[in-house]
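J.: The structure's right below; bear with me while I get my questions together.
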Amino acid sequence: MSVKIATWNVNSLKVRLPHVLEWLTANKPDVLVLQEIKQTSDAFPAAAFSAVGYQSVANGQKTYNGVAVVSRFEISDPVFEFPDFADPQRRVLAATINGTRVVNLYIPNGSEVGSEKYAYKLGWLNILRDFLAGELLRHQRLVVLGDFNIAPTDADVYDPEGWGDAVLCSPLERQALRELLALGLTDVFRKFEHPEKSFSWWDYRAAGFRRNAGLRIDLILTNDAMTGACTACYIDKEPRTWDRPSDHAPVIAEFHFQATTI
DNA sequence: ATGGTGGCACAGCCA
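Counting in my numbering, the first sequence runs from 3 upward without gaps.
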């Protein structure tokens, strides 16, 4: 059995719905998780996804943030927030699909090092670690993916010296990410060969995409069972070339499992 | 370049 799971920060699903539907029908992932849908759950275009063969669950809000999961298969046991953390920002959607736990994250951006938003990001990452520790215990197959707003290493930055220790690359953020990995998760993109300067986000400003001035901040983390089953992980830059694109590109992981009894 | 572009929603915030 093969499974294809993808993540995409769409920067407004209202604007990007045609791109998402085009990409879904062309690439046919089993699961696509979205970030920054920037609309309420009620406004989520479930019928448009249903028409192309996908079920959906949304965790949205007005104006900012918002995440969703679309899937060719049943989406069960959804969780919309961390326990004991009353976060008004909709950034989490965990659900089980065909026996695999999928955790969709829109990790806070952090604005700039030292700011209130940066402190919120670090606190959020701390709560995330506790949540994922529990998810790892509860589920045999776990995939944690989304917009992490952290470039794991300098290899994930177009100009590491120029970027320095600014937000998305600062030591405390990278340390927090390493602590997530230390729970037993793998940044599965790095299990495969890729060209240098492979990125998933390019700033709209200053012709970032044309100059490949980007970062790899959209990640797919897998537990050992999923890492062992992963056959490919790659970034699809094509939608970033389309008219009126998101500033992020989709990231895809493919898995192959031996036939099992579930 | 102390900016630049894009989305939301209609002034300024967020990324």
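C-beta atoms are modelled at their ideal positions from N, C-alpha and C, and glycine is treated no differently.
What does DSSP give as the partner residue(s) for residue 11 in the beta ladder?
T.: Its beta-bridge partners are 37.
J.: Beta carbon of residue 11, beta carbon of residue 258: below 7 Å?
T.: No, Cβ-Cβ distance for residue 11 and residue 258 is not below 7 Å.
J.: Can you look up residue 260 in the DSSP assignment and give me helix, strand or coil?
T.: Looking at residue 260 - three-state DSSP - the assignment turns out to be coil, as it is neither helix nor strand.
J.: Using alpha carbons as the reference points, say which of 111, 74 and 229 lies closest to residue 256.
T.: Of the listed residues, the one whose Cα sits closest to residue 256 is 229.
J.: What number of angstroms, rounded off, separates the C-alpha of residue 20 from the C-alpha of residue 51?
T.: The straight-line gap from Cα to Cα measures roughly 11 Å.
J.: I'd like to check one pair, residue 82 with residue 61: are the Cβ atoms closer than 7 Å?
T.: The answer is yes: Cβ separation under 7 Å.
J.: Using DSSP's beta-bridge definition, name the partner residues of residue 129.
T.: Partner(s): none; residue 129 has no beta bridge.
J.: Just the Cα atoms here: how many angstroms apart are residue 94 and residue 110?
T.: Those two C-alpha atoms are separated by around 11 Å.
J.: Taking the CB atoms as reference points, tell me whether residue 73 and residue 39 lie closer together than 7 Å.
T.: Taking 7 Å as the Cβ cut-off, residue 73 and residue 39 do not qualify as a contacting pair.
J.: Grouping DSSP H, G and I as helix and E and B as strand, with all else coil, what is residue 103?
T.: DSSP places residue 103 in strand when its eight states are reduced to three.
J.: Residues in its own chain within less than 8 Å of residue 103 by CB, not counting five upstream and five downstream?
T.: Within the same chain, residue 103 has close Cβ partners 96, 97, 137, 140, 141, 143, 144 and 145.
J.: Run the CB neighbour count on residue 32, radius 10 Å, all protein chains shown included, and call it buried at 16 or more, exposed below.
T.: Label assigned to residue 32: buried.
J.: Let's see if you can read the secondary structure: which residues bound the alpha helix (DSSP H) around residue 148?
T.: Counting along the chain, residue 148 falls outside any alpha helix (DSSP H), though it belongs to the beta strand (DSSP E) covering 144-149.
J.: Please state if the CB of residue 67 and the CB of residue 91 are separated by a distance shorter than 7 Å.
T.: Yes, these two residues count as a Cβ contact at 7 Å.
J.: Does DSSP put residue 199 in a helix, a strand or coil?
T.: Three-state DSSP puts residue 199 in coil, outside helix and strand.
J.: Could you tell me whether the Cβ atoms of residue 70 and residue 36 are closer together than 7 Å?
T.: A contact, by the Cβ cut-off of 7 Å.
J.: Which value, in whole angstroms, describes the spacing of the CA atoms of residue 152 and residue 113?
T.: When rounded, the distance between both Cα atoms is 12 Å.
J.: Are the Cβ atoms of residue 190 and residue 235 separated by less than 7 Å?
T.: Yes.
J.: Residue 149 and residue 220 look like a contact to me (Cβ under 8 Å); what is the Cβ gap, rounded to whole Å?
T.: Indeed, because the Cβ distance is near 5 Å, the residues count as touching under 8 Å.
J.: Can you give me the Cβ contacts of residue 185 inside the same chain, cut-off strictly under 8 Å, excluding the 5 residues immediately before and after it?
T.: 131, 134, 135 and 138, listed in sequence order.
J.: In chain order, what residues of the same chain have a beta carbon less than 6 Å from the beta carbon of residue 43, not counting five sequence neighbours either side?
T.: Around residue 43: 60 and 62.
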